[in-house]
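In the numbering used here, the protein residues as written are 12 to 459.
Glycine residues also receive a C-beta, built at the ideal position from the N, C-alpha and C atoms.
Everything numeric in this text was worked out from a predicted model, so none of it was measured.
Read through the structure below, which is laid out as structure tokens, and then see the notes.
Laid out in structure tokens, this is it:
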């Protein structure tokens with residue numbers, strides 16, 4: 012089978028030929044060709060940098076809190092149930108605010124919405140440690156998570172729109188940066204906190220500095236609403252009957268996305284993997300600490316879980332785009348999760364590093380889900396609808412998980428029941444993931 016790079020070069024050659032033909036046929040398009048050439052150089056590279064920086068900022072707000080959850084609970088006087096509610100805030104915000112992302116992108120442009128999201132993340136991380144009291148802490152956290160939510164939804168859309176021939180590669184790059192940011196925050200939060208004097212407030216606030224770089228990188232795209240001409244032509248010729256020369260496709264009505272079985276399967280799969288991810292980010296360090304591991308080592312174990320996503324998040328999307336069915340990848344990731352939870356139940360300290368590795372592999376269901384979002388729809392508009400539906404519905408599904416873990420822990424006095432719950436949820440995740448991985452698109456299932 013030809014590689015993704017080979018297919019990309021072939022499509023790019025065809026697109027450049029068509030662009031040149033259209034330029035010769037229509038006088039006055041030289042400036043458009045120059046604009047396309049500019050897009051293929053520094054602007055494209057700047058956009059790639061912006062995607063990486065945005066992805067890098069999408070998880071430190073969560074994993075930095077997980078590493079210091081005990082100190083935050085003591086400092087704010089939180090009970091176990093309230094702390095469970097705090098760990099459920101991320102999926103709640105993602106569900107509530109994520110669904111607005113496509114509408115905002117249509118009105119203001121995706122670049123402007125992502126830029127605003129980076130501003131919200133930066134402001135929220137800077138404010139929340141000093142907001143005063145649990146209510147202020149939750150409100151500032153929600154502000155940061157609002158920015159994460161809209162950026163979460165729009166990243167697959169931007170990849171599909173601006174890099175239509177490199178969905179696998181760009182999704183892998185974005186997912187790798189996300190995993191790297193997640194793991195760095197998990198590993199470095201406790202050492203950084205100690206270096207800053209031991210207070211949890213500066214240890215959390217310091218992560219706002221990452222957002223500044225992302226805000227600056229997205230400024231050039233605040234007013235940029237159009238994809239490069241080569242991408243537009245590529246999408247146009249792919250969708251138009253008879254291929255070349257068909258002209259711009261007419262605007263299509265929204266998909267009846269809720270009638271698609273694949274969309275529902277993908278949404279449930281997204282929700283269950285998000286449940287596992289936010290339980291891990293919110294509680295895993297505490298599980299290790301309560302088992303007798305030091306705070307610093309617990310943070311490193313959480314970082315190991317997250318850092319596994321750095322190489323695998325780049326590899327898995329590329330492999331997934333070459334397979335007609337992504338079910339086998341879903342199965343492997345699920346079995347690793349089952350083994351990791353079983354080990355955590357029976358030998359949480361003795362095999363801690365092995366369980367962290369297995370759970371880290373299982374956590375890579377997230378980049379796989381993002382890749383399937385890009386593969387299960389044919390057009391950029393379809394991807395936008397599917398991304399918003401799958402992520403918003405999925406995050407709604409994931410809300411009870413971290414909260415239930417906190418309640419079970421508080422009332423049982425140990426981690427046996429919560430770990431059993433995590434293990435049980437992995438089974439339906441495998442089932443719906445296999446269904447979501449079938450080779451079909453939502454357009455084929457629901458029509459218009």
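The beta-carbon distance between residue 67 and residue 188, rounded to whole angstroms, is 5 Å. This is short enough to meet the 8 Å contact definition.
Contact between residue 366 and residue 348 fails: their C-beta atoms lie close to 10 Å from each other, not under 8 Å. In the structure shown, residue 371 adopts helical secondary structure according to DSSP, grouped into three states.
Taking all protein chains in view, the Cβ of residue 360 is surrounded by fewer than 16 other Cβ atoms within 10 Å, so the residue is classified as exposed. Between residue 323 and residue 296, the C-beta gap is not smaller than 9 Å, which leaves the two residues out of contact. Taking C-alpha positions only, residue 410 is separated from residue 286 by approximately 7 Å. Under the three-state reduction of DSSP output, residue 110 falls in the coil class, being neither helix nor strand. Looking from the CA of residue 446, the closest CA among 156, 335, 149 and 143 belongs to 335. Positions of the beta strand (DSSP E) runs, each at least 3 residues long and wholly inside the stretch 67–143, cannot be given because no such run exists. Note on geometry: alpha-carbon atoms of residue 171 and residue 394 lie some 8 Å from one another.
Judged by their CB atoms, residue 388 and residue 453 are nearer to each other than the 9 Å cut-off. Pairing residue 375 with residue 190 gives a Cβ-Cβ distance under 9 Å.
Residue 230 sits exposed, since fewer than 16 C-beta atoms from the chains shown fall within 10 Å of its C-beta. In the three-state scheme derived from DSSP, where H, G and I count as helix and E and B as strand, residue 388 is classed as coil. CA-to-CA, the gap between residue 425 and residue 88 works out to about 20 Å. Here residue 60 is not near residue 278, since their CB atoms are 9 Å or more apart.
In this structure, DSSP gives residue 455 a helical state, which the three-state scheme calls helix.
Per DSSP, residue 280 is one residue of the alpha helix (DSSP H) stretching across 272–301. Contact between residue 192 and residue 133 fails: their C-beta atoms lie close to 14 Å from each other, not under 8 Å. Burial is judged here by how many other beta carbons sit within 10 angstroms of a residue's own beta carbon; residue 209 has fewer than 16 and is exposed. In the three-state DSSP reduction, residue 305 falls in the coil class, being neither helix nor strand. Around the C-beta of residue 186, 16 or more other C-beta atoms lie within 10 Å, and the residue is accordingly described as buried.
Taking residue 301 as reference, the option from 108, 330, 356 and 74 with the minimal CA-CA separation is 356. Pairing residue 382 with residue 328 gives a Cβ-Cβ distance under 9 Å.
The continuous alpha helix (DSSP H) containing residue 344 extends over residues 338–357. In this structure, DSSP gives residue 208 a state outside helix and strand, which the three-state scheme calls coil. When the beta-carbon positions are compared, residue 340 and residue 369 stay at least 9 Å from each other. With contacts defined as CB atoms closer than 9 Å, residue 201 and residue 149 fail to qualify as a contacting pair.
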